[in-house]
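Notes follow once the structure below has been shown.
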Amino acid sequence: MSSSVQLQEYLRLSYRKRKAKDLFMCGLLVLAALIALSPLFSVLGYVFAQGYSHLNLAFFTQVPRPIGEAGGGMANALAGTLTLVAISSIIGVGWGVVAGVYLSEYGNGRSAAVVRFGTDMLASVPSIVVGLFIYALVVVPMKRFSALAGGLALGILMIPIVARNTEEMMRLVPVHIREAGLALGLPRWKVIVRIALRGCVSGILTGVMLGIARVAGETAPLLFTALSNQFWSSDLSQPMASLPVTIFKFAMSPYENWQKLAWAGVFLITVGVLILNIVARTFFRNRI
69 MSSSVQLQEY LRLSYRKRKA KDLFMCGLLV LAALIALSPL FSVLGYVFAQ GYSHLNLAFF
129 TQVPRPIGEA GGGMANALAG TLTLVAISSI IGVGWGVVAG VYLSEYGNGR SAAVVRFGTD
189 MLASVPSIVV GLFIYALVVV PMKRFSALAG GLALGILMIP IVARNTEEMM RLVPVHIREA
249 GLALGLPRWK VIVRIALRGC VSGILTGVML GIARVAGETA PLLFTALSNQ FWSSDLSQPM
309 ASLPVTIFKF AMSPYENWQK LAWAGVFLIT VGVLILNIVA RTFFRNRI
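Once you know that position 95 of the sequence shown is 163 in our numbering, the rest is easy, because the numbers rise by one and skip nothing.
Below, the structure is given as structure tokens:
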């Protein structure tokens with residue numbers, strides 16, 4: 069009887085020790101997670117505190133006022149950013165999806181290895197290098213900065229993100245689905261387009277949204293391509309304002325009104341990129 073009581077007491081003490089160790093390790097993990105997230109929350113909190121109070125209707129409807137005049141907004145920069153993102157999406161999404169499909173469906177040969185290596189290298193190239201490349205390739209021959217050059221630079225930055233995401237999503241489509249299409253007599257290109265691609269549209273949209281979030285805040289390549297503009301501009305062959313470049317210019321200026329507009333712009337673009345990332349990683353997650 070005493071040995072049974074001793075065994076029960078031993079098991080109770082052992083359970084308490086294991087429970088205490090488990091709680092201690094969980095506490096360490098929570099603390100590590102909070103430390104890792106503290107820079108993000110610090111940046112978001114500081115941007116919110118500095119920028120939210122300067123966000124108003126004029127910010128979305130007016131162009132920047134001349135030096136010395138209060139008020140104004142960044143409506144031209146917002147429109148320019150949307151235009152540049154649209155141009156880059158036309159370039160980056162098209163070529164990115166085609167490259168991803170090629171790597172997924174025909175990715176076993178030497179040429180596919182070269183394409184994959186080039187995609188990985190392009191993803192690691194600094195954005196300012198891409199800006200300089202487009203400057204030499206497009207801006208110098210045209211002898212002027214332009215929205216087309218800016219959109220092309222951003223599109224090149226988007227291609228590897230969309231391509232690798234498309235490849236991964238295509239590989240998640242079960243092989244027997246492709247085999248079923250081939251067994252019915254469909255050509256391989258129809259199996260790819262009508263079956264494989266349709267089965268992972270949501271996953272590809274995730275990569276597209278992540279690519280847009282990546283290029284929406286780029287400043288360096290636009291300094292060498294689209295430059296900027298203080299007024300409304302719809303001519304794609306001329307310089308065009310963008311939110312990141314305008315923020316850079318206004319933040320470096322000594323004028324308080326422009327600095328307030330810069331903080332409002334920082335807040336807007338930070339929240340926009342954050343929302344795009346959250347939507348891409350939650351709403352479209354695992355939807356194949």
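Even for Gly, the Cβ is constructed at its ideal location relative to N, Cα and C.
Just to check my reading of the structure: residue i and residue j have Cβ atoms closer than 8 Å, yes? What is that Cβ distance to the nearest angstrom?
i, j, result
"residue 205", "residue 152", "Not really, about 17 Å apart at Cβ, beyond 8 Å."
"residue 335", "residue 119", "3 Å"
"residue 312", "residue 290", "7 Å"
"residue 228", "residue 187", "5 Å"
"residue 207", "residue 292", "7 Å"
State the Cα-Cα distance for the pair residue i and residue j, rounded to the nearest angstrom.
i, j, result
"residue 150", "residue 159", "14 Å"
"residue 166", "residue 213", "29 Å"
"residue 233", "residue 264", "14 Å"
"residue 164", "residue 191", "12 Å"
"residue 172", "residue 268", "12 Å"
"residue 271", "residue 277", "10 Å"
"residue 323", "residue 215", "27 Å"
"residue 196", "residue 288", "5 Å"
"residue 96", "residue 244", "45 Å"
"residue 226", "residue 198", "11 Å"
Once the 5 residues before and after residue i are set aside, which same chain residues still bring their CB inside 7 Å of it?
i, result
"residue 341", "281, 284, 285"
"residue 143", "128, 129, 130, 131"
Name the one or two DSSP bridge partners that residue i has.
i, result
"residue 140", "132"
For residue i, report the span of its alpha helix (DSSP H) as first-last.
i, result
"residue 176", "Careful: residue 176 lies outside any alpha helix (DSSP H) and carries neither H nor E."
"residue 300", "Here residue 300 belongs to no alpha helix (DSSP H), and DSSP marks it neither H nor E."
"residue 260", "Element bounds for residue 260: n/a, residue is neither H nor E."
"residue 324", "324 to 350"
"residue 293", "Looking at the DSSP string, residue 293 is not in any alpha helix (DSSP H), and its letter there is neither H nor E."
"residue 269", "269 to 284"
"residue 312", "311 to 320"
"residue 193", "Here residue 193 belongs to no alpha helix (DSSP H), and DSSP marks it neither H nor E."
"residue 253", "Segment: none, residue 253 is in no alpha helix (DSSP H) and carries neither H nor E."
Between residue i and the rest of its own chain, which residues show a CB-CB distance below 6 Å, the 5 nearest in sequence each way excluded?
i, result
"residue 74", "none"
"residue 338", "115"
Can you name, in chain order, every residue of its own chain whose Cβ lies under 8 Å from the Cβ of residue i, other than the five neighbours on each side?
i, result
"residue 301", "144, 148, 215, 307, 308, 309"
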